[in-house]
Structures are given as C-alpha cells and as structure tokens.
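Asks: Sharing a structure below in structure tokens format, with a few things to ask.
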C-alpha cells in the first residue's frame with residue numbers, strides 16, 4: 014500500500030460516521046377513562062404535551078435513543094384521553110468528539126424519531142375515535158440548547174451514556 018492509500022484508509026477509519034440502523038416502537042399506551050360519555054359532550058379540547066429523550070450506549074458504537082411523547086387531552090375539566098408512545102431508534106455513531114456526540118444524541122436523533130412518534134400517536138388517537146392529533150414540529154436543537162444552559166447554570170456537565 015502506498016503512503017497515500019494508507020493516509021486515505023486512516024482518514025476513513027477516523028472520519029465521523031452516522032447511520033440509522035432501526036426505528037421501532039418501544040412502548041405504546043392509550044387510555045380514554047371517560048368514554049363513552051366523553052363522546053356525547055361538546056368537544057372543546059385542551060392538549061398537554063410532555064416530551065423526553067434518553068439514550069443508552071450499546072456495544073460497538075451503537076446507541077439507542079428513545080423519544081417519549083405523552084399527550085393528555087382534556088375536554089373542559091375531564092380527561093378525554095391519555096396517549097403515550099416511546100419511539101426508539103438504534104444508531105451507529107463513530108468518531109465524534111464529546112460535544113458533537115452529545116448534540117447528535119440529544120437533538121439530531123430525536124429529530125429523526127419525531128415524525129414516526131407523531132404519526133404513531135395520531136393513528137392511536139384516531140383509533141380511539143377522537144379527532145386527529147397533528148402535533149406541530151419540535152425544534153430539538155433549541156430544546157437541547159436550553160437543556161445545556163440549564164445544566165451549565167446548575168454546574169452539571171452533559172454526559173453520554
């Protein structure tokens with residue numbers, strides 16, 4: 014092998030790598046505690062959304078990222094339904110510095126998972142005989158930046174698990 018080929022091979026081995034391996038539903042739940050009575054009321058919903066992410070290092074540079082979307086919809090003071098999905102993905106991520114790895118796992122991967130989670134929730138809600146629930150896009154980069162600021166103010170450091 015020539016020096017030029019060796020250099021190219023070494024650069025390829027140390028170049029950042031990212032690839033999506035699998036997307037799947039890890040957990041799914043739906044509850045409509047006031048049905049069927051809720052269907053006979055005037056529909057004036059209020060929607061509460063809670064979202065969380067977590068990540069776990071797997072073997073050989075593989076990482077699992079789980080995006081959890083929990084939606085509570087009330088009609089007046091009564092809970093119409095509660096729906097939750099844990100949308101997960103397995104990603105191969107190599108050769109990133111700690112800051113880039115943290116951003117990739119905390120913002121980039123959840124951004125990939127969100128459309129799948131949103132569609133799963135919408136399908137679940139309509140199967141419960143409620144109107145479609147089309148969640149607005151989420152800016153995971155902004156949420157990640159806010160979390161970093163919060164951690165810095167608290168004297169914490171982001172960790173990659």
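Residue numbers (our numbering): 14 to 174.
Here a beta-carbon is modelled for each residue, glycine too, at the ideal position from N, C-alpha and C.
All of these numbers come straight from a predicted model, not from anything done at the bench.
(1) Pull up the distance between the alpha-carbon of residue 30 and that of residue 154, whole angstroms please.
(2) On the CB-based measure, 16 or more other CB atoms within 10 Å of its CB, does residue 80 come out buried or exposed?
(3) Would residue 43 and residue 125 be called neighbours here (beta carbons separated by less than 9 Å)?
(4) Starting from residue 38 and walking both ways along the beta strand (DSSP E), at which residues does that stretch end?
(5) How far does the beta strand (DSSP E) with residue 78 in it reach, from first residue to last?
(6) Pair every Cβ in the stretch 35-51 with every Cβ in the stretch 128-140, then say whether three or more of these pairs are closer than 8 Å.
(7) Using CA atoms only, rank isn't needed, just tell me which of 70, 144 and 145 is closest to residue 117.
(8) According to DSSP, simplified to helix, strand and coil, what is residue 112?
(9) For a quick check, are the C-beta atoms of residue 120 and residue 156 less than 9 Å apart?
Replies: Let me spell this out:
(1) Distance from the CA atom of residue 30 to the CA atom of residue 154, rounded to whole angstroms, is 20 Å.
(2) Buried is the call here.
(3) With contacts defined by Cβ atoms closer than 9 Å, residue 43 and residue 125 do not form a contacting pair.
(4) Element bounds for residue 38: 30-44.
(5) Per DSSP, residue 78 belongs to the beta strand (DSSP E) from 75-88.
(6) Taking 8 Å as the limit for Cβ pairs, the verdict is that the stretch 128-140 does touch the stretch 35-51.
(7) That would be 70, whose Cα lies nearest to the Cα of residue 117.
(8) Residue 112: helix per DSSP, three-state reduction.
(9) Going by C-beta atoms, residue 120 is nearer than 9 Å to residue 156.
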